[in-house]
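Read the structure below first, then the notes.
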Ligand SMILES: [Zn+2]
């Protein structure tokens, strides 16, 4: 039996842009970037595809993980793409600060 092809439940880009405005109030959404759902990866919660200027969220893990945190994590990659910011203390600090701003805990 053929498995049904994955159909994304929505286009999350416009919602992601609203979240971005709260998370990073002094920056603007980088040109041409979008956010999309893909069925599954098996290795990551999300993925930042610099070539396609796309943040990919994996739908299979979404119920088991904080999608907002994943999205903000990938946004930090997105806006620091040119600077080569790697995972680490500074990266985490940016994610946590942005997450708090979105939740209004700032
Ligand atoms: Zn990462």
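Numbering (my numbering), first residue to last: 11 to 116.
In this text, a Cβ means the ideal position worked out from N, Cα and C, and glycines have one as well.
| Check | Outcome |
| --- | --- |
| Backbone CA spacing between residue 54 and residue 72 [nearest angstrom] | 11 Å |
| Residue 87 versus residue 56 - alpha carbon distance | 11 Å |
| Residue 36 Cβ short of 7 Å to ligand 1 heavy atom set | no |
| Every unbroken alpha helix (DSSP H) inside the segment 28 to 108 [4 residues or more] | 77 to 89 |
| For residue 109 and residue 89, believed in contact at Cβ under 8 Å, the rounded distance | Actually they do not touch by this definition, with Cβ atoms about 15 Å apart. |
| Integer-rounded CB distance, given that residue 45 should sit under 8 Å from residue 23 | 5 Å |
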